[in-house]
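Novice: Handing you this structure, nothing more for now.
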Amino acid sequence: MANKAIRRLIQLFDFSQKINYKTEILAGLTVAMTMMPESLSFAILAGFPPLVGLYAAFIMGLITSVFGGRPGLISGGAGAVVVVLIALMKSHGLEYVFAAVALGGLIQITIGLFKLGKFIRLVPQPVMYGFVNGLAVIIFMAQLQQFKTVVNGELIWLTGTPLYIMACLVALTIAIVLILPRFTKAVPPSLVAIIVVFLIVLGFHIDTKTVRDIASVNGGFPPFHIPHIPLNTGTLYIIFPYALIMAGVGLTEGLLTLNLVDEITATRGDGNRECIAQGTANILNGFFFGMGGCPMIAQTLVNLSAGARARLSGIIASLTILMIILFGAPLIERVPMAALTGVMIMVAIGTFEWASFRIINKMPRQDIFVGIAVAAITIWLHNLALAVLIGVIISALVFSWESAKRIRAKKYTDENGVKHYEIYGPLFFGAVTAFTEKFDVVNDPAEVIIDFKESRIADMSAIEALNKLTERYRKLGKVLQLHHLSEDCRLLLKNAEPVIAVNILEDPHYHVAR
């Protein structure tokens, strides 16, 4: 066991993997530039000190890049997690927030250790389409806030010259991101766009919104801090619901982002390892003045679009944020928000699954409905976990309904006068009614056999249906027997013996494909 752990530690960085160091470093710098204003914005939105957002970006980014479930995934102080904590901040203050973040991290580690991350496989493709498209719209809509300003304490749209300057700089950023890859892919276009717009604004002394207008990013190393809260059940009662929701939202968004990266890179990540890494990072956030976070799909896509495929880019991004906090604040605070806004708009456009429009007339109607519903809930409530959960529930109900309609029975009477019903399709709660209607209890002969070679008994509803059917035949003096049951079906019926009475024919063991 110890040797296995040592081997995993040695193989933490795959030294056999060919890494393009220039691409990884430049991608990391670009990610850092796009992550900072978003982390600052969400910290301010929640009422946290601005540096709390940057500390979260550094801690989450570093820990998950080193120990996370897959290379290329970028984590930081994400809004999906922070939104959950706003109510706790308003009611009990920052100390309780730190405690909830640490407890949420502990929950995430528990989920990873028990290997529950695999349940993300239950998310169907239409739900993924809806999730991604809804998130793309949210990212785009969030950038429109940069076209607003505060006048007399009121947030209003920019007008006149400030609006024209902002629009032109954003358009220039988008143009560079679109056009530069046609000439060279040696450097990330997003980083070039940010530098060019920065130099133009600096050289021509253009008056426009900068990072400084959001908040100061000057500070020191994240300080160790034990949350000042009463250690009693009352405190646990307060923070546990927030910690649980935060953990769920973070893992849902994180594992969906991991799946998205898997598709883009044609590789496979480790969901359970990602859960543990996220949890560890959030525990450190709780004790090092961070607001918590999770994988950030927008920054992950910036990273991948810049060509990064290894862990190095995430490490560079997090260390860059730390260096900026310690030394580079005066320079970074002068970066125009228009440049960062243009980059994020292109990320939103790249995030959207445009292929979903091309195949919409080829998809089943229920899948189209699920995709639209998930996207709408994501946009309306900004609650990614709830949107995905509703999508999975709708998909599961549709699947159950369609499966219920597919149960069939082949009927024949053998030379001994025994009536046989060969069942095709699983027998479960949704199929019970259709299954029961296939039997002619009154007109059937004295002996009836139900053949389950091409079927299986799935749940308690199916067992109860067989019990009632057996009783109906018994009342008419007839015998109903079950044939060709697989081993798991036999075990299910054996466990239910105290509450049912069915007849099973002894026969060889058959394993029904699942």
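Mind the numbering: the sequence shown is residues 6 to 519 in our numbering, read in order.
We put the CB at the ideal spot given by N, CA and C, even for glycine.
Quantities reported herein were computed from a predicted structural model and do not represent experimental measurements.
If you reduce the DSSP assignment to three classes, tell me which class F229 lands in.
Specialist: Within the sequence shown, numbered from 1, the residue matching residue 229 stands at position 224. F229: coil per DSSP, three-state reduction.
Novice: Below 8 Å, can you find three or more Cβ-Cβ pairs linking the segment 311-331 to the segment 222-229?
Specialist: The segment 311-331 vs the segment 222-229: in contact.
Novice: Going by DSSP, which residues form a beta bridge with P527?
Specialist: Because the chain spans 6 through 519 in this model, residue 527 falls outside it and cannot be assessed.
Novice: Quick check on D218: does DSSP put it in helix, strand or coil?
Specialist: Position 213 of the sequence shown holds residue 218. The answer is helix: DSSP assigns D218 an H, G or I state.
Novice: Check this for me: beta carbons of V216 and V379, under 8 Å apart or not?
Specialist: Indexing the sequence shown from 1 puts residue 216 at position 211. Indexing the sequence shown from 1 puts residue 379 at position 374. Against a cut-off of 8 Å, the Cβ pair of V379 and V216 comes out as no contact.
Novice: Measuring only the C-alpha atoms, how far is I302 from H210?
Specialist: As a position in the sequence shown, residue 302 is number 297, starting the count at 1. As a position in the sequence shown, residue 210 is number 205, starting the count at 1. Distance between the alpha carbons of I302 and H210 is about 34 Å.
Novice: Excluding the 5 residues flanking A7 on each side, which residues of the same chain have their C-beta closer than 8 Å to its C-beta?
Specialist: For the purposes of this step, residue 7 is identified with residue 2 of the sequence shown, where counting begins at 1. With a pLDDT of only 49 at A7, under the threshold of 50, the placement of this residue in the model should not be trusted; the figure read from the coordinates follows. Nothing meets the Cβ criterion.
Novice: Give a yes or no on whether the C-beta atoms belonging to E258 and A48 are separated by under 8 Å.
Specialist: Here residue 258 refers to the residue found at position 253 of the sequence shown. Here residue 48 refers to the residue found at position 43 of the sequence shown. For E258 and A48, no; Cβs fall outside 8 Å.
Novice: So V484 and A506 are supposed to be a Cβ contact under 8 Å. How far apart are they, rounded?
Specialist: Numbered from 1 along the sequence shown, position 479 holds the residue referred to as residue 484. Numbered from 1 along the sequence shown, position 501 holds the residue referred to as residue 506. Contact doesn't hold; Cβ gap of about 12 Å is too wide.
Novice: Is it true that the segment 61-76 meets the segment 241-248, where meeting means three or more beta-carbon pairs spaced less than 8 Å apart?
Specialist: No, the segment 61-76 is not in contact with the segment 241-248.
Novice: Excluding sequence positions up to five away, which residues of its chain have a Cβ less than 7 Å from the Cβ of L34?
Specialist: Here residue 34 is taken as the residue at index 29 of the sequence shown, counted from 1. Answer for L34: L196, I321, T325, listed in chain order.
Novice: Identify, in the order they occur along the chain, each residue of the same chain with its Cβ nearer than 7 Å to the Cβ of Y60, setting aside the five sequence neighbours on each side.
Specialist: Walking along the sequence shown from the start, residue 60 turns up at place 55. If we look at Y60 and ignore the five residues flanking it on each side, its Cβ neighbours are P227, F293, F294, G295.
Novice: Between I373 and H387, what straight-line distance do the alpha-carbon atoms span, to the nearest angstrom?
Specialist: Here residue 373 refers to the residue found at position 368 when the sequence shown is read from its first residue. Here residue 387 refers to the residue found at position 382 when the sequence shown is read from its first residue. Spanning the two alpha carbons is a distance of roughly 20 Å.
Novice: Per DSSP, which residues does L432 bridge with? Please list them.
Specialist: Residue 432 sits at position 427 when you count from the first residue of the sequence shown. Answer is I462.
Novice: Do A343 and M146 have their CB atoms nearer than 8 Å?
Specialist: Position 338 of the sequence shown, counted from the first residue, corresponds to residue 343. Position 141 of the sequence shown, counted from the first residue, corresponds to residue 146. It is not a contact, given that the beta carbons lie outside the stated cut-off.
Novice: Going by other Cβ atoms of all chains shown within 10 Å of its Cβ, with 16 needed for buried, is G239 buried or exposed?
Specialist: For this step, residue 239 is matched to residue 234 along the sequence shown. G239 comes out exposed.
Novice: Can you check which of these residues, I112, V348, P167, is closest to I288 by C-alpha distance?
Specialist: Residue mapping note: residue 288 aligns to position 283 of the sequence shown, counting from 1. Closest option to I288, Cα to Cα, is I112.
Novice: Candidates Q283, I244, N237: which alpha carbon is nearest T262's?
Specialist: Within the sequence shown, numbered from 1, the residue matching residue 262 stands at position 257. Per the Cα distances, Q283.
Novice: Got a sec? Which residues, its chain only, sit under 7 Å from P194 by beta carbon, not counting five neighbours each side?
Specialist: Counted from its first residue, the sequence shown places residue 194 at position 189. Taken in chain order, the residues that qualify are I181, V182, L185, P186.
Novice: Grab me the residues of A414's own chain with a C-beta within less than 6 Å of its C-beta, minus the 5 sequence neighbours each way, in chain order.
Specialist: Residue numbering aside, residue 414 sits at position 409 when the sequence shown is read from its first letter. The answer, listed in chain order, is Y426, I428, K443.
Novice: Mind checking which residues open and close the alpha helix (DSSP H) that includes V379?
Specialist: For the purposes of this step, residue 379 is taken as residue 374 along the sequence shown, with counting starting at 1. Per DSSP, V379 belongs to the alpha helix (DSSP H) from 370-386.
Novice: Between F457 and H488, is the Cβ-Cβ spacing less than 8 Å?
Specialist: As a first step, residue 457 is located in the sequence shown; it is residue number 452 there, counting from the start. As a first step, residue 488 is located in the sequence shown; it is residue number 483 there, counting from the start. Yes; because the gap between Cβ atoms is below 8 Å, this pair is in contact.
Novice: Once you ignore the five residues that flank A10 on each side, which residues in its own chain have a CB closer than 8 Å to its CB?
Specialist: Taking the sequence shown and counting its residues from 1, one reaches residue 10 at position 5. Residue placement at A10 cannot be trusted, given a pLDDT of 49 that sits under 50; the coordinates are not used to answer.
Novice: Flag this pair as touching only if the segment 118-129 and the segment 264-282 have three or more C-beta atom pairs under 8 Å; answer yes or no.
Specialist: Yes, they touch.
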